[in-house]
């Protein structure tokens with residue numbers, strides 16, 4: 001019964017508390033065929049496919065936090081958008097086993113450089129994939145929609161350029 005009571009109290013706490021804020025980057029580049037590719041990385045704890053993201057860093061602006069996380073987690077540098085393209089929610093597993101709700105505000109990072117050495121090198125798998133493939137691999141429905149939005153935006157830009 002004690003286990004059930006703990007689960008109920010954790011659920012109540014989870015739904016009462018506003019989500020914790022994080023900032024992330026959809027890192028993209030243009031492939032030689034003109035298509036947009038996005039960078040997925042694996043999470044260190046579960047190995048699921050995610051985008052670089054992290055917690056606020058004091059007074060640092062949110063888009064700059066997303067840019068920093070992309071460097072630390074994936075070793076990429078580039079031009080970050082100042083405006084968010086949207087957000088998604090997920091449940092973050094904590095070391096004590098508790099899961100907390102998080103909202104990730106997402107920015108686009110136009111990748112210009114991939115570094116050989118960066119803080120989390122070797123602790124994650126990385127892969128460049130199409131937006132459609134990225135949407136298939138990630139679990140969060142709102143993040144899937146953001147990848148579809150990036151693909152649609154690229155198609156519109158290509159149509160307007162042609």
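Residue numbers (the UniProt record's numbering): 1 to 162.
We treat Cβ as the ideally placed atom computed from N, Cα and C, and that holds for glycine.
Residue environment, residue i, which counts as buried when at least 16 other CB atoms sit within 10 Å
i, result
"residue 70", "buried"
"residue 52", "buried"
"residue 24", "buried"
"residue 3", "exposed"
"residue 39", "buried"
"residue 49", "buried"
"residue 75", "buried"
"residue 37", "buried"
"residue 31", "exposed"
Collapsed DSSP secondary structure at residue i in the structure displayed
i, result
"residue 144", "helix"
"residue 138", "coil"
"residue 133", "helix"
"residue 28", "strand"
"residue 103", "strand"
Cβ-Cβ distance between residue i and residue j below 9 Å
i, j, result
"residue 29", "residue 110", "yes"
"residue 21", "residue 103", "yes"
"residue 107", "residue 130", "no"
"residue 139", "residue 90", "yes"
Straight-line gap, residue i to residue j (C-alpha atoms, nearest Å)
i, j, result
"residue 17", "residue 142", "20 Å"
"residue 65", "residue 133", "26 Å"
"residue 58", "residue 68", "13 Å"
"residue 127", "residue 41", "7 Å"
"residue 56", "residue 96", "21 Å"
"residue 137", "residue 60", "30 Å"
Supposed close pair residue i, residue j - CB separation, criterion 8 Å
i, j, result
"residue 26", "residue 115", "Wrong, their Cβ atoms sit about 18 Å apart, outside the cutoff."
"residue 105", "residue 62", "6 Å"
"residue 179", "residue 112", "Outside the shown range of the chain, which is 1 to 162, sits residue 179, and nothing can be said about it."
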